[in-house]
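Set out below in structure tokens:
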């Protein structure tokens, strides 16, 4: 069978990146305000102009997003997915997992034009794959998103036969939004 290769992160790595970038922002914003306070010779901190306050926030946010871009490229891993003999073979971060299709309880596929969340839930574990090309999720490229979509299309006949499809999109969802949940038929 075809092997699907793409770059992405798992949920824990995405959470670590969010915490690191949040800390960068939280540390830099007050630091810039404090440096302005010390360099300007103001008597009280409350005399700092609003423009400096919000300017420091924008600069700290820009630095945090730039660092997220580089950290996202550093922390991303190569994922290999393969469907073989009623099994999904998953290889990432020097780990190999083999999941029988019969063990899968639920598959959740969420995303938009620049983001995909692909979750496989079994009775034993959850595997959460995150792919993104946007500013807040710079882990992948456009071809990686297409690759996970091709994998989903290959899995589609099995999902239609053995799972109940629930489309959770609402009227206000932007075009290109995907919110699918496949729950095993009982």
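Numbering (our numbering), first residue to last: 426 to 611.
The beta carbon of each residue, even a glycine, is placed where N, CA and C say it ideally should be.
Ordered along the chain, which non-local residues of its own chain (more than five positions away) have a Cβ less than 6 Å from that of residue 541?
556, 570, 573
What's the call for residue 504, buried or exposed, on a 16-neighbour Cβ count within 10 Å?
buried
Going by the CB atoms, is the gap between residue 558 and residue 551 shorter than 9 Å?
Result no, Cβ atoms of residue 551 and residue 558 do not sit closer than 9 Å.
Taking only the alpha-carbon atoms, compute the straight-line gap between residue 437 and residue 469 and give it to the nearest angstrom.
Cα-Cα distance, rounded: 42 Å.
For residue 609, collect the residues of the same chain with a Cβ closer than 6 Å to its Cβ; drop the 5 residues on either side in sequence, then sort them by chain order.
530, 588
Leaving aside the five residues before and after residue 577 along the sequence, list all residues of the same chain whose C-beta is less than 8 Å from its C-beta, in chain order.
534, 543
If I measure Cβ to Cβ from residue 518 and keep anything under 7 Å in the same chain, skipping five residues before and after, which residues do I get?
502
Kindly indicate the opening and closing residues of the beta strand (DSSP E) around residue 433.
428-435
Tell me whether the stretch 518-528 and the stretch 457-472 touch, counting them as touching only if at least three CB pairs, one residue from each stretch, are closer than 8 Å.
Touching, no.
Let me know if residue 442 comes out buried or exposed under the rule of 16 or more other beta-carbons within 10 Å of its beta-carbon.
buried
Would you identify the three-state DSSP class for residue 536, choosing helix, strand or coil?
strand
Check whether the Cβ atoms of residue 564 and residue 428 sit closer than 9 Å, and answer yes or no.
no
Is residue 592 buried or exposed, if buried means 16 or more other CB atoms sit within 10 Å of its CB?
exposed
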